[in-house]
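> My questions will all concern the structure given below.
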Amino acid sequence: MSLRELPVTREIIELISRPNVVGLATHRHLPHERAIYLKHGRCGFAVDVLVEEDGAKKLYSILVEAEVKRTRRRFKSFMELGGTIHYQLSEKIDGGFRLRRRRLTYRNGEELFHQVELVRAAFYQKYRELKSREGVEPSRISEEIFHAAGISPDEMLLGV
43 MSLRELPVTR EIIELISRPN VVGLATHRHL PHERAIYLKH GRCGFAVDVL VEEDGAKKLY
103 SILVEAEVKR TRRRFKSFME LGGTIHYQLS EKIDGGFRLR RRRLTYRNGE ELFHQVELVR
163 AAFYQKYREL KSREGVEPSR ISEEIFHAAG ISPDEMLLGV
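Per the working numbering, residue 43 is the first one in the sequence shown, and the count goes up by one each step.
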């Protein structure tokens with residue numbers, strides 16, 4: 043079975059990979075999500091992307107949540123079930139937000155985590171690039187936000 047790339051995966055990767063991205067942060071850490079999925083059949087991740095456009099910084103917040111389809115049949119692993127992905131892109135604009143939401147389906151856990159791995163690879167490539175621009179080695183920061191580069195707590199709305 044060949045693994046397809048879902049449209050939201052491409053959209054997220056394109057946003058993260060833009061040359062004008064100046065900051066990134068994770069809020070729900072990607073590697074932990076597989077463990078959660080294996081126990082609960084649900085998982086997700088949240089990422090902030092700070093982009094410099096027309097001399098100003100613009101914050102894009104991505105939220106992706108996946109959930110297996112309900113079933114009454116017995117199964118060995120959540121990985122064998124398909125399900126639904128809920129995707130939300132929140133864009134901070136003049137005094138408010140613009141939301142875009144999509145819902146897609148996935149065939150099984152292998153297809154789902156293939157998408158997660160594609161996003162994870164793009165995130166860490168850009169993260170390492172941003173950290174090298176700062177002249178520092180990538181490192182883990184506070185428990186709540188696992189990785190961040192070029193983006194301040196205020197820009198991520200953590201003081202709210």
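Even glycine gets a Cβ: it sits at the ideal position worked out from N, Cα and C. Since the structure is predicted, the reported quantities are computational estimates derived from the model, not experimental observations.
If I'm right that A108 touches G138 with Cβ under 8 Å, what's the distance once you round it to whole angstroms?
In the sequence shown, residue 108 corresponds to position 66, counting from 1. In the sequence shown, residue 138 corresponds to position 96, counting from 1. Rounded, the Cβ-Cβ distance is 28 Å, inconsistent with contact.
> Whose C-beta lies closer than 7 Å to the C-beta of E185 among residues of the same chain, with five residues either side of it excluded?
Residue numbering aside, residue 185 sits at position 143 when the sequence shown is read from its first letter. Residue placement at E185 cannot be trusted, given a pLDDT of 45 that sits under 50; the coordinates are not used to answer.
> Measure how close the beta-carbons of V64 and V110 come, nearest whole angstrom, since I'm counting them as under 8 Å.
Here residue 64 is taken as the residue at index 22 of the sequence shown, counted from 1. Here residue 110 is taken as the residue at index 68 of the sequence shown, counted from 1. Between V110 and V64 the Cβ distance is about 37 Å, and since that is not below 8 Å, they are no contact.
> At which residue ranges does the stretch 85-161 contain complete beta strand (DSSP E) runs of 3 or more residues, listed in the order of the chain?
98-110, 125-135 and 138-148
> Report the residue from A77, G97 and H69 whose alpha carbon sits nearest the alpha carbon of V89.
Within the sequence shown, residue 89 is the residue found at index 47, counting from 1. It is H69 whose Cα lies nearest to the Cα of V89.
> In angstroms with no decimal places, state the Cα-to-Cα distance between P195 and S174.
Looking up residue 195 in the sequence shown gives position 153. Looking up residue 174 in the sequence shown gives position 132. C-alpha separation (whole angstroms): 20 Å.
> Figure out for me which residue from R116, E95 and P49 has the closest Cα to the Cα of V106.
One-based indexing of the sequence shown puts residue 106 at position 64. Cα-wise, what sits closest to V106 is P49.
> Do T51 and Q157 have their CB atoms nearer than 8 Å?
By one-based count along the sequence shown, residue 51 stands at place 9. By one-based count along the sequence shown, residue 157 stands at place 115. Going by C-beta atoms, T51 is nearer than 8 Å to Q157.
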